[in-house]
Amino acid sequence: MQAFADKTVFITGAAGNLGRATAVAFAREGARLALVDKDQQALQAARDTLPKDGQFEIFATDLLDPTAVSAMVEAVRQRFQRLDVIANIAGGFDMGPAVHETTDAQWDFMMDLNLRSLFNCCRAVIPVLLESGSGRILNVSARAAKHGVGHMAPYCASKAAVITLTESLSEELKHQGITVNCILPGTIDTPQNRAAMPDANHATWVPLDAIADVILFLSSAAARGVTGAAIPVYGRS
Ligand SMILES: NC(=O)c1ccc[n+]([C@@H]2O[C@H](COP(=O)([O-])OP(=O)(O)OC[C@H]3O[C@@H](n4cnc5c(N)ncnc54)[C@H](OP(=O)(O)O)[C@@H]3O)[C@@H](O)[C@H]2O)c1
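Under my numbering, the first residue of the sequence shown is numbered 140, with each subsequent residue one higher.
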């Protein structure tokens, strides 16, 4: 028996490294998938790596456009009727000057990419979960949320805010059958990280499928008692 047969899973950042790995893991367990990312072609390429016969639909949307996000969530609802799991994976990294030399644009870039995108998505999708009286929300923070690092303040602050947003959501939704948790990956073993840090010991980095496994656990019936958690997934990094 597949663990997510008859479940619909909504994944943002679905064309990226972790989004693709998470989609593969949920597809293997029988889930229907709503795959969301910015670029239509990249999304289609991600869809093409999944089995042809599954119920997997792509929804190209800029998560920074609240009107587009509302329309996309309505299109997802029309297609699948209900949602069971929301995996908010879209986000990214940047580093730059010291705080006193950081521009508004550099600050806003990280806050938008990691926090506003998540806020826009949660605001649009939570009413769909409330209708069914159940659901799982998984957000992606980062180890850097726990301890500020020089030249990474906008990134660290945006990922720290993902933890507090997760906690607030979990308080608001815990009596509605909806759990809300976040994971804190360490350095993930991705092609981009390997290119940026060729001399690092890649064997200690956390593999994509190991993070996807944690997302599946938090989405499963076994994790029904877990909400408001921020779970480190560092591997040996
Ligand atoms: N990689 C790491 O070592 C690491 C460590 C800790 C935490 N994380 C977090 O883990 C998550 C996944 O990381 P990853 O390595 O899989 O990143 P990734 O490969 O860059 O994937 C992120 C995806 O999100 C998409 N996206 C960005 N902004 C968007 C928007 N406004 N609307 C729709 N889609 C948008 C990106 O599209 P574009 O490429 O077109 O912008 C990309 O396809 C992120 O939240 C990241 O911060 C990563």
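For glycine and all other residues, C-beta sits at the position ideal for the given N, C-alpha and C.
Since this is a predicted model, take the numbers as computed values, not measurements.
Please classify residue i as buried or exposed, where buried requires at least 16 neighbouring CB atoms within 10 angstroms.
i: residue 335; result: exposed
i: residue 266; result: exposed
i: residue 191; result: exposed
i: residue 223; result: buried
i: residue 280; result: buried
i: residue 307; result: exposed
i: residue 275; result: buried
Just reading off the beta strand (DSSP E) that residue i is part of, what are its end residues?
i: residue 147; result: 147-151
i: residue 195; result: 195-199
i: residue 203; result: Looking at the DSSP string, residue 203 is not in any beta strand (DSSP E), and its letter there is neither H nor E.
i: residue 174; result: 171-176
i: residue 275; result: 274-279
Start and end of the alpha helix (DSSP H) containing residue i?
i: residue 308; result: 292-312
Ligand 1 and residue i: does the residue's C-beta get closer than 7 Å to at least one heavy atom of that ligand?
i: residue 83; result: In the structure displayed, the chain extends from 140 to 376; residue 83 sits before or after that span and is not available.
i: residue 149; result: no
i: residue 209; result: no
i: residue 324; result: yes
i: residue 86; result: Residue 86 falls outside the range modelled here, since the chain spans only 140 to 376, and no answer is possible.
Can you grab the Cα-Cα spacing for the pair residue i / residue j, in whole Å?
i: residue 227; j: residue 277; result: 6 Å
i: residue 250; j: residue 362; result: 29 Å
i: residue 359; j: residue 141; result: 11 Å
i: residue 153; j: residue 238; result: 31 Å
i: residue 170; j: residue 194; result: 8 Å
i: residue 243; j: residue 289; result: 17 Å
i: residue 230; j: residue 184; result: 19 Å
Cβ contact check for the stretch 336-354 and the stretch 290-302: 3 or more pairs under 8 Å: Contact annotation: the stretch 336-354 does not touch the stretch 290-302, with fewer than three C-beta pairs closer than 8 Å.
The stretch 317-332 contacting the stretch 360-374, beta-carbon criterion three pairs below 8 Å: yes
contact_flag[the stretch 155-165, the stretch 341-352] where n(CB pairs < 8 Å) is 3 or more: The stretch 155-165 makes contact with the stretch 341-352, as at least three CB pairs between them are under 8 Å.
Three-pair Cβ contact test at 8 Å for the stretch 142-162 versus the stretch 205-222: Flag = yes, the stretch 142-162 and the stretch 205-222 touch.
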